[in-house]
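A.B. asks: Residue numbers (the numbering used here): 2 to 227. Every residue gets a Cβ at the ideal spot worked out from N, C-alpha and C, and that includes glycine.
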């Protein structure tokens with residue numbers, strides 16, 4: 002697979018370089034998927050495990066607060082599961098029933114080799130219903146899945162369908178994307194308000210944190226599904 006600029010794919014170890022090529026306005030979901038398929042074979046696990054440790058801790062601490070006991074009894078959907086790094090953290094804090102949703106086949110292949118997921122779904126999450134039945138999970142979690150060409154804003158409504166009433170959607174993202182990605186600028190706040198008005202969820206938390214990824218601030222969002 003050729004890189005987006007026509008150059009031969011290289012070993013991706015410089016996250017600033019990766020961000021400059023992939024996390025840019027105008028990149029398409031298919032281009033992003035192609036990049037991730039290449040990156041899965043070229044050091045993704047090593048670099049992301051190192052550089053994404055902060056949001057993984059933020060996610061883990063929040064889940065331990067929301068599910069203080071018997072975490073082995075709850076089911077979780079890992080949205081944008083990548084190579085399974087978030088799934089590994091979920092397992093470490095006691096969750097045993099975890100499904101992976103990841104559109105990049107090579108990333109998903111690596112994730113499933115880790116033997117931490119029950120089911121895998123190789124698909125994009127959009128505003129359209131997936132094959133997954135409604136109210137299947139106690140939580141849906143995302144770490145670094147919002148970005149240019151990544152997760153559309155409408156996907157959060159599908160997550161609200163997939164999570165059981167009383168469950169949670171926990172998202173760790175780069176805060177600046179709410180002010181940079183046109184779709185999120187236009188639709189994020191209206192969507193949140195609409196789903197609250199429709200009784201589909203309630204906002205539990207929106208909290209900034211430092212050092213989400215390559216020095217950028219993060220935003221933790223937690224929605225309680227009704």
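With DSSP as the reference, label residue 141 as helix, strand or coil.
C.D. replies: Residue 141 falls in the strand class under three-state DSSP.
A.B. asks: Pick from 105, 133 and 227: whose alpha carbon is nearest that of residue 198?
C.D. replies: Among 105, 133 and 227, the Cα nearest to that of residue 198 is on 227.
A.B. asks: Out of curiosity, what's the CA-to-CA distance linking residue 135 and residue 103?
C.D. replies: Approximately 18 Å between the Cα atoms of the pair.
A.B. asks: Use the C-beta contact count for residue 187: other C-beta atoms within 10 angstroms, 16 or more gives buried, fewer gives exposed.
C.D. replies: Per the 10 Å Cβ criterion, exposed.
A.B. asks: Leaving out five residues on either side along the sequence, give the residues of the same chain with a beta carbon under 8 Å from the beta carbon of residue 219.
C.D. replies: Closer than 8 Å at Cβ, skipping near neighbours: 55, 56, 59, 173, 174, 175, 176, 209, 210, 211, 212 and 213.
A.B. asks: Between the Cα of residue 72 and those of 151, 145 and 97, spot the shortest distance and give me the residue it belongs to.
C.D. replies: Closest option to residue 72, Cα to Cα, is 97.
A.B. asks: Among the candidates 44, 142 and 151, whose CA atom is the shortest distance from the CA of residue 78?
C.D. replies: Answer by Cα proximity: 142.
A.B. asks: Can you give the beta carbon distance from residue 65 to residue 94, rounded, assuming they're within the 8 Å contact cut?
C.D. replies: About 6 Å separates the two Cβ atoms, so the contact holds.
A.B. asks: Could you please give the first and the last residue of the uninterrupted beta strand (DSSP E) stretch that includes residue 77?
C.D. replies: Note, residue 77: beta strand (DSSP E), 76-80.
A.B. asks: Please classify residue 83 as buried or exposed, where buried requires at least 16 neighbouring CB atoms within 10 angstroms.
C.D. replies: Buried, by the Cβ-count rule.
A.B. asks: Taking 8 Å as the cut-off, does the region 153-172 touch the region 113-127 (at least 3 CB pairs, one atom from each stretch)?
C.D. replies: These segments touch.
A.B. asks: Taking the beta strand (DSSP E) that residue 166 falls in, what are its first and last residues?
C.D. replies: Segment 164-175, the beta strand (DSSP E) holding residue 166.
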